[in-house]
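Student: Read in order, the letters of the sequence shown correspond to residues 15 to 367 in the numbering used here.
Every residue, glycine too, gets a C-beta built ideally from N, C-alpha and C.
Here it is, the structure, as structure tokens.
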Amino acid sequence: MLKDMKAKITEAPLEELYFSYQKIAPFLYQFVGVRKPYMDNLLEVATAVGISLKSVVPWLLLMPKYVGTNDPAVFICRVDGSHAMALSELNGIFYSGVSNKKITADQLESFVGELSLYKKKTPVKKVYTLNYQDFDVKGFDVSEIGLPPVNNEFDEEFKINMLVNYMMDTDPDVNGCQMNLLNLMPLPEIVKTNKSLVYVGAASILVVAGVLSFFLFFNKNGQNSNSQIASGGDQNNVLSEQTSQNNLPVEQPVQELKKADLKIMVLNGSGVNGLAARTKTLLEGKGYVVVDIDTADETRDTTLMRFKKDKLTFKELIQGDTKEEFPEITVEDTLADTEAYDVLIVAGSTAEL
Numbered sequence: 015m016l017k018d019m020k021a022k023i024t025e026a027p028l029e030e031l032y033f034s035y036q037k038i039a040p041f042l043y044q045f046v047g048v049r050k051p052y053m054d055n056l057l058e059v060a061t062a063v064g065i066s067l068k069s070v071v072p073w074l075l076l077m078p079k080y081v082g083t084n085d086p087a088v089f090i091c092r093v094d095g096s097h098a099m100a101l102s103e104l105n106g107i108f109y110s111g112v113s114n115k116k117i118t119a120d121q122l123e124s125f126v127g128e129l130s131l132y133k134k135k136t137p138v139k140k141v142y143t144l145n146y147q148d149f150d151v152k153g154f155d156v157s158e159i160g161l162p163p164v165n166n167e168f169d170e171e172f173k174i175n176m177l178v179n180y181m182m183d184t185d186p187d188v189n190g191c192q193m194n195l196l197n198l199m200p201l202p203e204i205v206k207t208n209k210s211l212v213y214v215g216a217a218s219i220l221v222v223a224g225v226l227s228f229f230l231f232f233n234k235n236g237q238n239s240n241s242q243i244a245s246g247g248d249q250n251n252v253l254s255e256q257t258s259q260n261n262l263p264v265e266q267p268v269q270e271l272k273k274a275d276l277k278i279m280v281l282n283g284s285g286v287n288g289l290a291a292r293t294k295t296l297l298e299g300k301g302y303v304v305v306d307i308d309t310a311d312e313t314r315d316t317t318l319m320r321f322k323k324d325k326l327t328f329k330e331l332i333q334g335d336t337k338e339e340f341p342e343i344t345v346e347d348t349l350a351d352t353e354a355y356d357v358l359i360v361a362g363s364t365a366e367l
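Take a look at the structure:
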């Protein structure tokens with residue numbers, strides 16, 4: 015896998031990065047990397063002024079987690095006079111960039127279209143903004159990122175600090191995952207005076223420039239693929255090594271998904287007679303188990319796939335099997351664990367079945 019990563023990652027040689035790639039779905043990895051001189055200089059400065067670091071956070075990576083979305087979305091944040099932009103899905107960032115130029119509505123629409131990695135009929139429409147007043151783009155659902163529930167008052171330029179501090183206080187996993195760039199650095203082999211030993215303490219640094227963050231997609235044989243992005247939930251975090259390629263991390267085996275393990279409930283939400291039965295026949299022909307079919311209480315246009323959280327890893331698999339029949343879908347991971355099935359499919363009127 016690392017050989018393929020070197021061929022795919024052209025922004026910088028892997029040998030010049032502290033990096034990690036974290037499995038977030040079958041064959042899909044979130045890659046985060048930072049240039050070694052950048053981190054080494056931060057640690058040297060911290061040592062010189064007597065500050066012990068607890069975290070170095072690329073704050074843009076926290077935005078999907080803060081707003082609580084797994085769906086595709088664009089983030090536009092204005093901080094220190096610059097415009098930070100990101101495209102996200104599954105609580106991850108697969109594109110990010112920084113611009114000092116003014117962003118117009120036309121540029122935003124072009125940005126979304128050019129950076130979309132999906133083979134979908136409908137583009138990414140959700141946009142989150144920070145430090146933009148009355149920012150709106152025709153055809154997009156634009157939401158301002160709200161402030162956390164704290165009592166202190168902050169100036170506009172410190173809003174991002176408040177958001178990140180709130181996340182670190184309320185989510186203890188932030189400091190221990192790849193969002194904290196200190197976790198990308200290898201531990202020293204022996205105890206000695208070394209600038210990489212100073213990162214246990216109370217101070218935090220927020221960064222956005224110089225950080226590489228995107229998705230890597232590999233097929234079953236470990237090769238690069240241009241297929242659309244997968245989705246899912248379990249995590250394997252792999253760190254870069256500071257020494258030679260002989261010490262590079264070992265690839266973790268990918269667990270095969272078995273369609274027969276997924277129990278599906280189908281509801282007809284289209285108002286078209288027989289759609290639930292035809293959906294059942296389609297799914298069973300693909301190897302899935304349909305426990306029952308029924309009629310939904312309300313009609314809808316797009317097809318809904320509502321998963322249990324621990325079954326969201328099947329999203330890409332079932333989407334791939336039904337993309338022609340259900341070209342427009344909405345995905346949720348809010349199905350109650352108490353249900354006797356693993357995913358609820360409400361077939362909408364846009365179904366071509």
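#1: What number of angstroms, rounded off, separates the C-alpha of Leu177 from the C-alpha of Arg92?
#2: May I ask you to report which of helix, strand or coil DSSP gives Arg92?
#3: Below 8 Å between beta carbons: does that hold for Tyr109 and Ala98?
#4: Shortest alpha-carbon distance to Asp185 belongs to which of Met279, Asn114 and Gly82?
#5: Comparing alpha-carbon positions, which option in Lys272, Val70 and Leu31 lies nearest Gly190?
#6: So which of Thr364, Lys323 and Phe321 has the shortest CA-CA distance to Leu289?
#7: Grab me the residues of Asp335's own chain with a C-beta within less than 7 Å of its C-beta, minus the 5 sequence neighbours each way, in chain order.
#8: Cα separation between Ile343 and Val138?
#9: Residue range of the beta strand (DSSP E) that Lys277 falls in?
#10: Where do the N-terminal and C-terminal ends of the beta strand (DSSP E) with Arg7 fall, by residue?
#11: I'd like to check one pair, Ser96 with Gln192: are the Cβ atoms closer than 8 Å?
#12: Determine the DSSP secondary structure at Ser110, reduced to helix, strand or coil.
#13: Apart from the five residues on each side of it in sequence, which residues of its chain come closer than 7 Å, Cβ to Cβ, to Lys50?
#14: Taking buried to mean at least 16 other C-beta atoms within 10 Å of its own C-beta, is Asn260 buried or exposed?
#15: Using the three-state DSSP reduction, which class does Asp183 fall into: helix, strand or coil?
#16: Would you mind giving the Cβ-Cβ distance between Ala361 and Thr317, rounded to the nearest angstrom? I have them listed as a contact below 8 Å.
#17: Helix, strand or coil for Val63, going by three-state DSSP, please let me know.
#18: Helix, strand or coil: which one does DSSP assign to Ala307?
#19: In this structure, how does DSSP classify Val214 when only helix, strand and coil are distinguished?
#20: For Gly246, count neighbouring C-beta atoms within 10 Å of its own C-beta (all shown protein chains included) and say buried if the count is 16 or more, exposed if not.
#21: In the DSSP assignment, the alpha helix (DSSP H) including Glu298 goes from what residue to what residue?
#22: Here's the rule: buried if 16 or more other CB atoms are within 10 angstroms of the residue's CB, otherwise exposed. What is Thr293?
#23: Does the distance from the CB of Asn105 to the CB of Pro86 come in under 8 Å?
#24: If I follow the unbroken alpha helix (DSSP H) through Thr336, where does it start and stop?
#25: Determine the direct distance from the alpha carbon of Asp347 to that of Leu326, and round the result to whole angstroms.
#26: Return the bridge partner residues of Glu342 from the DSSP annotation.
#27: Give me the Cβ distance between Ser157 and Tyr142, rounded to the nearest whole Å; I'm assuming they're in contact under 8 Å.
#28: Taking the alpha-carbon positions, what's the Met53 to Ala62 distance?
#29: Find out if the Cβ-Cβ distance for the pair Asn287, Ala310 is shorter than 8 Å.
Tutor: Working from what's here:
#1: By 1-based counting over the sequence shown, the position of residue 177 is 163. By 1-based counting over the sequence shown, the position of residue 92 is 78. About 14 Å.
#2: Here residue 92 refers to the residue found at position 78 of the sequence shown. Correct three-state label for Arg92: strand.
#3: Position 95 of the sequence shown, counted from the start, is the residue given in the question as residue 109. Position 84 of the sequence shown, counted from the start, is the residue given in the question as residue 98. In terms of Cβ geometry, Tyr109 and Ala98 do not form a close pair [threshold 8 Å].
#4: Stepping through the sequence shown from its first residue, residue 185 is reached at position 171. Here the closest residue by C-alpha is Gly82.
#5: To locate residue 190, count along the sequence shown from 1; it is residue 176. For the residues Lys272, Val70 and Leu31, the minimum Cα distance to Gly190 belongs to Val70.
#6: Here residue 289 refers to the residue found at position 275 of the sequence shown. Checking every option, the nearest Cα to that of Leu289 belongs to Thr364.
#7: Here residue 335 refers to the residue found at position 321 when the sequence shown is read from its first residue. Cβ within range, chain order: Lys300.
#8: Counted from its first residue, the sequence shown places residue 343 at position 329. Counted from its first residue, the sequence shown places residue 138 at position 124. Roughly 13 Å between the two C-alpha positions.
#9: Locating residue 277 in the sequence shown gives position 263, where the first residue counts as 1. Looking at the DSSP string, the run of the beta strand (DSSP E) that includes Lys277 is Lys277 to Asn282.
#10: Residue 7 cannot be examined here, being either before or after the span of the chain that is shown, 15 to 367.
#11: In the sequence shown, the residue the question calls residue 192 occupies position 178. In the sequence shown, the residue the question calls residue 96 occupies position 82. Judged by their CB atoms, Gln192 and Ser96 are not nearer to each other than the 8 Å cut-off.
#12: For the purposes of this step, residue 110 is taken as the residue at position 96 of the sequence shown. Ser110: strand per DSSP, three-state reduction.
#13: In the sequence shown, residue 50 corresponds to position 36, counting from 1. Closer than 7 Å at Cβ, skipping near neighbours: Glu30, Leu31 and Tyr32.
#14: Taking the first residue of the sequence shown as position 1, residue 260 is located at position 246. Unreliable placement is indicated for Asn260, whose pLDDT of 38 sits below 50; no coordinate value is reported for it.
#15: As a first step, residue 183 is located in the sequence shown; it is residue number 169 there, counting from the start. DSSP places Asp183 within a helical segment (H, G or I) once states are collapsed to three.
#16: What you label residue 361 is simply residue 347 of the sequence shown in a count that begins at 1. What you label residue 317 is simply residue 303 of the sequence shown in a count that begins at 1. Right, the Cβ-Cβ distance comes to about 5 Å (below 8 Å), so this counts as a contact.
#17: As a working note, residue 63 is residue 49 in the sequence shown. Looking at Val63 - three-state DSSP - the assignment turns out to be helix.
#18: Within the sequence shown, the letter at position 293 stands for residue 307. The sequence as given places Ile at residue 307; Ala does not occur at that position. In the structure shown, Ile307 falls within a strand segment according to DSSP collapsed to helix, strand and coil.
#19: As a position in the sequence shown, residue 214 is number 200, starting the count at 1. Any reading at Val214 must be qualified, since the residue scores a pLDDT of 35, below 50, and its modelled position is unreliable; the value itself is stated next. DSSP places Val214 in coil when its eight states are reduced to three.
#20: Taking the sequence shown and counting its residues from 1, one reaches residue 246 at position 232. Because Gly246 carries a pLDDT of 33, less than 50, the predicted location of this residue cannot be relied on, and the following value inherits that uncertainty. Result: buried.
#21: If you number the sequence shown from 1, residue 298 lands on position 284. First-last of the alpha helix (DSSP H) with Glu298: Leu289 to Gly299.
#22: Numbered from 1 along the sequence shown, position 279 holds the residue referred to as residue 293. By the neighbour-count rule (16 or more Cβ atoms within 10 Å), Thr293 is buried.
#23: Here residue 105 corresponds to residue number 91 of the sequence shown, with the count starting at 1. Here residue 86 corresponds to residue number 72 of the sequence shown, with the count starting at 1. No; because the gap between Cβ atoms is not below 8 Å, this pair is not in contact.
#24: Locating residue 336 in the sequence shown gives position 322, counting from the first residue. Lys329 to Thr336 is the extent of the alpha helix (DSSP H) around Thr336.
#25: As a first step, residue 326 must be located in the sequence shown, where it is residue number 312. As a first step, residue 347 must be located in the sequence shown, where it is residue number 333. Put simply, the backbone Cα of Leu326 is about 7 Å away from that of Asp347.
#26: Against the sequence shown, residue 342 aligns to sequence position 328. Listed as beta-bridge partners of Glu342 by DSSP are no residues whatsoever.
#27: Within the sequence shown, residue 157 is the residue found at index 143, counting from 1. Within the sequence shown, residue 142 is the residue found at index 128, counting from 1. Confirmed, Cβ separation roughly 6 Å.
#28: For the purposes of this step, residue 53 is taken as residue 39 along the sequence shown, with counting starting at 1. For the purposes of this step, residue 62 is taken as residue 48 along the sequence shown, with counting starting at 1. CA-CA distance, Met53 to Ala62, rounds to 14 Å.
#29: Here residue 287 refers to the residue found at position 273 when the sequence shown is read from its first residue. Here residue 310 refers to the residue found at position 296 when the sequence shown is read from its first residue. Taking 8 Å as the Cβ cut-off, Asn287 and Ala310 do not qualify as a contacting pair.
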